[in-house]
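Chains as they are written, first to last, in my numbering: chain A, 1082 to 1302; chain B, 185 to 425.
Written as structure tokens, this is what we have:
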């Protein structure tokens, strides 16, 4: 399973390095949303700084949908996904490879958008380790659910519409936990252990469930 | 254990009220190349998709080298190579990267070398580092066939493999398929080109509205006689006695 996951991960990275489709779409969208927030709201108040993590994750949730939508679209082009589905490999391995690639793309998008976020919202990073953990666990959570539903949505004619409808409601617990852990990293919240635990549990549950059901999703592709 | 490379028993596939395949029985032995003929919509592609596990919701039984497709066994998948209407390639990877990726998925031990060998066999070695998106239609078709063969399958299912190929490339494919069959492989290909099929096929079947109307060895038939019989099926819907 891990060999398959590695092959798929390397393939997706190679394609992304060549096209930059997923990261550039997510990055442009998240920067646009942050710019709009910056001009629409008076962000230079203590109250707004406390809410800054929420703005960041709202921007990222919608931007991430664009990147995830692209994930299985490239499998549909020229029917490559059919050849992938017919290969004598564990479907869970294919899922893990796609999920790892998506999580990495989302994490990179966050890291690139972070300096703008810090400047626009005038926040300071109090706990860098916690921020990295928050971004990493949040990216894995989004990728775990998003990869599964990206595969489901890719088989329908309403791909672009269906993905956010399926994906965003299920990702709300991860979104809330990510906002709280990022707030903690920015020094705006206390007692993060519950939220970090929630993120870890969410990641484990959705990764495990998705690995188990992915075979049936691929069958329909 | 069956000696057949492919066995399709009483295959029926319906799309609503329309039977794309109606109780079709076909078996193919190792060392055989079977050409499927038929008009558009006769069921050629559906039969290949059923045999290749692309369609799983059908009535009947498909076995590959004795293993039921219904078992979803990886052995059956490992022994089969598929060429479809779509190229099944990643447009943003190079030719070599595509082949190496699929070779890795099929756990080909010498993936790098095998990819190079197959590219050379289909005269694509000089375009190995070209991104697929930049290749011509004929080159993509050759690469699609190379992809289907990179894991050394024993059964090849090919949907109109000569489409988009120029004359030299078609001749190369004929040579490759002859060698494949001579080495004990089995090929099932759909085509409309009787002459080209006669270059490589050992048997021909004709589908008409989802039913098998003709199944004939080509060993003792010349192309002109077969074409005559085929056209009779096409225009009357029945085989000559």
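We treat Cβ as the ideally placed atom computed from N, Cα and C, and that holds for glycine.
None of these values were measured; they are calculated from a predicted model.
Burial state of residue i, where buried means 16 or more other Cβ atoms lie within 10 Å
i	result
residue 1222 of chain A	buried
residue 1113 of chain A	exposed
residue 1183 of chain A	buried
residue 323 of chain B	buried
residue 1284 of chain A	buried
residue 1163 of chain A	buried
residue 425 of chain B	Low confidence applies here, because residue 425 of chain B scores a pLDDT of 47, under 50, leaving its location unreliable and the question unanswered by this model.
residue 1300 of chain A	exposed
residue 1276 of chain A	buried
residue 297 of chain B	exposed
residue 1088 of chain A	buried
When the options are compared against residue i, the one with the closest alpha-carbon
i	options	result
residue 274 of chain B	A:1234, A:1159, A:1289, A:1170	A:1159
residue 195 of chain B	B:349, B:233, B:265, B:223	B:233
residue 1241 of chain A	A:1133, A:1154, A:1084	A:1154
residue 201 of chain B	B:394, B:388, B:347	B:394
residue 1109 of chain A	A:1123, A:1187, A:1129	A:1187
residue 380 of chain B	B:208, B:302, B:346	B:346
residue 359 of chain B	B:335, B:378, B:385	B:385
residue 1181 of chain A	A:1091, A:1156, A:1273	A:1091
residue 406 of chain B	B:382, B:398, B:392	B:382
residue 1199 of chain A	A:1089, A:1245, A:1161, A:1137	A:1137
residue 1111 of chain A	A:1129, A:1190, A:1151	A:1190
residue 1101 of chain A	A:1119, A:1152, A:1089, A:1123	A:1152
residue 353 of chain B	B:392, B:366, B:303	B:303
residue 260 of chain B	B:272, B:281, B:236	B:236
residue 1176 of chain A	A:1150, A:1238, A:1267, A:1082	A:1082
Pair within 7 Å by beta-carbon distance, residue i and residue j
i	j	result
residue 1086 of chain A	residue 1148 of chain A	no
residue 494 of chain B	residue 371 of chain B	Residue 494 of chain B lies beyond the residue range present for chain B, which begins at 185 and ends at 425; the question has no answer from this structure.
residue 1247 of chain A	residue 1265 of chain A	no
residue 283 of chain B	residue 299 of chain B	yes
residue 279 of chain B	residue 308 of chain B	yes
residue 1169 of chain A	residue 253 of chain B	no
residue 1146 of chain A	residue 1179 of chain A	no
residue 276 of chain B	residue 1099 of chain A	yes
residue 190 of chain B	residue 212 of chain B	yes
residue 1234 of chain A	residue 1243 of chain A	yes
residue 411 of chain B	residue 390 of chain B	no
residue 1263 of chain A	residue 1205 of chain A	no
residue 335 of chain B	residue 365 of chain B	no
residue 349 of chain B	residue 325 of chain B	yes
residue 1173 of chain A	residue 1292 of chain A	yes
residue 344 of chain B	residue 375 of chain B	yes
7 Å Cβ cutoff, residue i in contact with chain A
i	result
residue 258 of chain B	yes
residue 217 of chain B	no
residue 285 of chain B	yes
residue 338 of chain B	no
residue 158 of chain B	Since the displayed chain B opens at 185 and closes at 425, residue 158 of chain B lies outside it and no answer follows.
residue 297 of chain B	no
Rounded Cβ spacing between residue i and residue j (contact assumed at less than 8 Å)
i	j	result
residue 245 of chain B	residue 193 of chain B	4 Å
residue 342 of chain B	residue 373 of chain B	4 Å
residue 369 of chain B	residue 340 of chain B	7 Å
residue 266 of chain B	residue 1212 of chain A	Incorrect: roughly 47 Å between the Cβ atoms, too far for contact.
residue 1226 of chain A	residue 1295 of chain A	Actually they are not in contact, since the Cβ atoms of residue 1226 of chain A and residue 1295 of chain A sit about 12 Å apart, beyond 8 Å.
Within-7 Å CB hit, residue i to chain B
i	result
residue 1100 of chain A	yes
residue 1096 of chain A	yes
residue 1158 of chain A	yes
residue 1233 of chain A	no
residue 1170 of chain A	yes
residue 1179 of chain A	no
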